[in-house]
Amino acid sequence: MTLMRVFYEDWQMGCCGTRFGVGQEVDWPLVAVDGEEARNGQWYGAEAWVENHGDSRHTTAGRVRAIDLVHQEYTATHVPEPVEPVPGKVTIVSTGRGLEPVPGTRTLESVDRCPKWFGEEPVPQRGPHRVRRTVGALVTLEVPDATPPRPGAAS
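Under the numbering used here, the sequence shown has 19 at position 19, and the numbering climbs by one with no breaks.
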């Protein structure tokens, strides 16, 4: 048996995932993290990530040995949507929001069970508005001595 780290993104779990806990058997469609993604820290040190929306039929079975929720702080900026004014009419403008990761603010929180929905909370401070988001779960998965398929590999 081999231990591997798998990242389960918040939106993948919220959309199509099933809650799981430490000690539970799972069977997930995994995509291996490629070298460039690993160098960029895209998957928080994971070797693979869960892809519930791909066309891969290959899944990897294993037992969950540990779950760490990944929290990241972001600077939040409000981006107004461009609107053409209409004479004589009131226009209500919604604004989008841009999130920029704040370096050095990533933290891990060990839990026994992965939530279905991940949250966000404001970070009290002076200066730019910040939020702390739970961006997913970093899972230690015990698998048979095998690796997930390489990105783009046929299943």
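Glycine included, C-beta positions come from ideal geometry on N, C-alpha and C.
Taking C-beta separations shorter than 6 Å and ignoring five residues to either side along the sequence, the partners of N52 in its chain run Q12, C16, following chain order. The Cβ atoms of V135 and V33 lie no closer than 8 Å to each other. Non-local C-beta neighbours of F118 in its own chain, meaning closer than 6 Å and more than five positions away in sequence, comprise D10, T134, ordered along the chain. The C-alpha of T2 is placed about 23 Å away from the C-alpha of R19. Excluding the 5 residues flanking it on each side, R65 has same chain C-beta neighbours closer than 6 Å at T140, E142, in chain order. For the 8 Å CB-CB criterion, P101 and Q72 form a contact. Taking the Cα of M4 as reference, the smallest distance to any Cα among T105, W49, E84, G98 is reached at W49.
The beta carbon of W43 is closer than 7 Å to those of F7, V33, E37, W49 in its chain, skipping five residues each way along the sequence. Exposed is the label assigned to P87, since fewer than 16 other Cβ atoms lie within 10 Å of its Cβ.
Between the C-alpha atoms of W28 and H58 there is a straight-line separation of about 8 Å. CA-to-CA, the gap between D112 and I67 works out to about 6 Å.
A Cβ-Cβ separation of about 29 Å leaves A46 out of contact with H129 under the 8 Å criterion. In the three-state scheme derived from DSSP, where H, G and I count as helix and E and B as strand, R5 is classed as strand.
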